[in-house]
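Below is one structure; the comments refer to it alone.
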Amino acid sequence: MSDIMSYLFETNAIKICEENKPFFLTSGNLSPYFVNTHFIYGNEKDAVELLSFIDESLSNKITLPEKVFKKTLEQYKTNVIYKNVIDIMKNYIERNIDISEIDYVSGGERRDWFFSNMIAYLLNKPHISIYKDLSTVVSDSNFEKTEIVNSLENKKVLHIADLITVASSYIRAWIPAIRNLGANVCWSCSVVDRMQGGKEKIEAEGAKSFSLVKVDIDLFKKAFEMELINDNQLHMLDGFLNNPNETMRNFLIAHPEFIENALKSDEKTKKRAQLLIDSSLYNL
0 MSDIMSYLFE
10 TNAIKICEEN
20 KPFFLTSGNL
30 SPYFVNTHFI
40 YGNEKDAVEL
50 LSFIDESLSN
60 KITLPEKVFK
70 KTLEQYKTNV
80 IYKNVIDIMK
90 NYIERNIDIS
100 EIDYVSGGER
110 RDWFFSNMIA
120 YLLNKPHISI
130 YKDLSTVVSD
140 SNFEKTEIVN
150 SLENKKVLHI
160 ADLITVASSY
170 IRAWIPAIRN
180 LGANVCWSCS
190 VVDRMQGGKE
200 KIEAEGAKSF
210 SLVKVDIDLF
220 KKAFEMELIN
230 DNQLHMLDGF
240 LNNPNETMRN
250 FLIAHPEFIE
260 NALKSDEKTK
270 KRAQLLIDSS
280 LYNL
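Below, the structure written as structure tokens:
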């Protein structure tokens, strides 16, 4: 999967912080990397534009799947990175799952649709679009016909996702939505697994979980060998993966100016730095 890894770094889908400049997360926590898997759609600009297009089209759940599919199909035909990612994912699925057993492919609002639509199309399987409110619509593999279906009794579903972290979306929405139809998510395939326990939670629900890329130290060692990151970045990533809280706490103790500078920065950074302080996230 070295091609996928290269694409993740090339498109900034995985971005590593500069030395001594970890990223603030929404929670106020710090991380030496973040993942925006949907950037592997080809580039950040195209990915952001597709997300905006989806948001603008969400008001009509019946017409949205075809609209999104047409966008992804055009990108598949014109963007080499995206086409290669989709082809790699399709081939990976065909090697690991008996395709004849798959009745439907599903994807959840919104980023899953970057990948699930094209996989359904290429595997010639109907597609279930799952919305955040757990409502669903079913499209044929060409997305020419979309309708509300109330029952898919005992059908087997492959769910396609952009990213797995702790699988909260699976547990809260995707798996229950499919079960509401009388069907079952039997397999999950994601582009990236952040290795935060999501795979285990999905498999506890009876689905086999696959991912093209696992975010672990081996990934970052390969990135180092490919000269995508340097030794100092690798060292921080190694520590973070082993013990994120202790690594970031030690960093803040060694670099007190980091918080001071963040509090003088832009409004978003200032707000997150203040949240870190107010919530005593690192017990400083």
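If you read the sequence shown in numbering that gives the first Met the number 0, its first letter stands for residue 0, the second for the next number, and so on. Beta carbons: idealized from backbone N, C-alpha and C, even for Gly. Everything numeric in this text was worked out from a predicted model, so none of it was measured.
Check your understanding: Going along the chain, which residues of its own chain have a beta-carbon closer than 8 Å to the beta-carbon of I87, five neighbours each way excluded?
Key -> In the sequence shown, the residue the question calls residue 87 occupies position 88. Excluding the 5 residues flanking it on each side, I87 has same chain C-beta neighbours closer than 8 Å at M0, D2, I3 and L211, in chain order.
Practice item. Within the same chain, show all residues whose beta-carbon is closer than 6 Å to that of I127, passing over the 5 residues directly before and after it, in chain order. Key: Stepping through the sequence shown from its first residue, residue 127 is reached at position 128. Beyond the five residues adjoining it in sequence on each side, I127 comes within less than 6 Å, by CB distance, of Y103, S105, T135 and V137 in the same chain, given in chain order.
Point to revise | Three-way DSSP call (helix, strand, coil) for S294 in this model | key: Because the chain here runs from 0 to 283, residue 294 falls outside it and cannot be looked at.
Practice item. Could you tell me which residues DSSP puts in a beta bridge with I163? Key: For the purposes of this step, residue 163 is taken as residue 164 along the sequence shown, with counting starting at 1. In the DSSP output, where bridge partners are listed per residue, I163 has D192.
**Study point:** 8 Å Cβ shell around K200 - same chain, five flanking residues per side excluded
**Key:** In the sequence shown, residue 200 corresponds to position 201, counting from 1. These residues qualify, in order along the chain: V165, A166, Y169 and I170.
Review point. Apart from the five residues just before and just after L251, which ones in its own chain have a Cβ nearer than 8 Å to its Cβ?
Key: Here residue 251 refers to the residue found at position 252 of the sequence shown. Result list for L251: L29, F257, I258, Y281 and L283, in chain order.
**Study point:** C-alpha distance - Q232 paired with P255, whole-angstrom precision
**Key:** One-based indexing of the sequence shown puts residue 232 at position 233. One-based indexing of the sequence shown puts residue 255 at position 256. Taking the straight line joining both Cα atoms gives about 19 Å.
**Study point:** Cβ neighbour criterion (16 or more within 10 Å) applied to T77
**Key:** Residue 77 sits at position 78 when you count from the first residue of the sequence shown. So T77 counts as exposed.
Exercise for review: Using alpha carbons as the reference points, say which of P21, N241 and N83 lies closest to D215.
Suggested key: Counting from one through the sequence shown, the residue named residue 215 turns up at place 216. Here the closest residue by C-alpha is N241.
Point to revise | Best match in G41, A206 and S26 for proximity to N11 [C-alpha to C-alpha] | key: Stepping through the sequence shown from its first residue, residue 11 is reached at position 12. The candidate whose alpha carbon is nearest that of N11 is G41.
Review point. Do you know how far the Cα of F114 is from the Cα of E43?
Key: Position 44 of the sequence shown, counted from the start, is the residue given in the question as residue 43. Position 115 of the sequence shown, counted from the start, is the residue given in the question as residue 114. Their backbone Cα atoms lie some 15 Å apart in a straight line.
Point to revise | Spatial neighbours of G238 in its chain, beta-carbon cut-off 7 Å, leaving aside the 5 residues before and after | key: The sequence position of residue 238 within the sequence shown is 239, counting from 1. Closer than 7 Å at Cβ, skipping near neighbours: T246.
Practice item. Counting only the same chain and skipping the five closest in sequence on each side, list residues whose C-beta sits under 6 Å from that of A182. Key: Taking the sequence shown and counting its residues from 1, one reaches residue 182 at position 183. L151, K154 and V156.
Exercise for review: Determine the direct distance from the alpha carbon of N83 to that of I15, and round the result to whole angstroms.
Suggested key: In the sequence shown, counting from the first residue as 1, residue 15 sits at position 16. In the sequence shown, counting from the first residue as 1, residue 83 sits at position 84. Rounded to the nearest angstrom, the two C-alpha atoms are 23 Å apart.
Review point. Leaving out the 5 sequence neighbours to the left and right, which residues in its chain are closer than 6 Å to S208 when beta-carbon positions are compared?
Key: As a first step, residue 208 is located in the sequence shown; it is residue number 209 there, counting from the start. Only S187, K198, I201 and E202 meet the Cβ criterion.
**Study point:** Own chain partners of K147 with C-beta closer than 7 Å, once the 5 adjacent residues on each side are dropped
**Key:** Taking the sequence shown and counting its residues from 1, one reaches residue 147 at position 148. Checking the sequence, you will find Ile at residue 147 rather than Lys. Closer than 7 Å at Cβ, skipping near neighbours: V136.
Point to revise | Rounded separation between D265 and N141 - CA only | key: In the sequence shown, the residue the question calls residue 265 occupies position 266. In the sequence shown, the residue the question calls residue 141 occupies position 142. C-alpha separation (whole angstroms): 45 Å.
Check your understanding: Opposite K155 in the DSSP bridges: which residues?
Key -> Against the sequence shown, residue 155 aligns to sequence position 156. Bridge partners of K155: N183.
Exercise for review: Assign I53 to one of three DSSP states: helix, strand, or coil.
Suggested key: Locating residue 53 in the sequence shown gives position 54, where the first residue counts as 1. The answer is helix: DSSP assigns I53 an H, G or I state.
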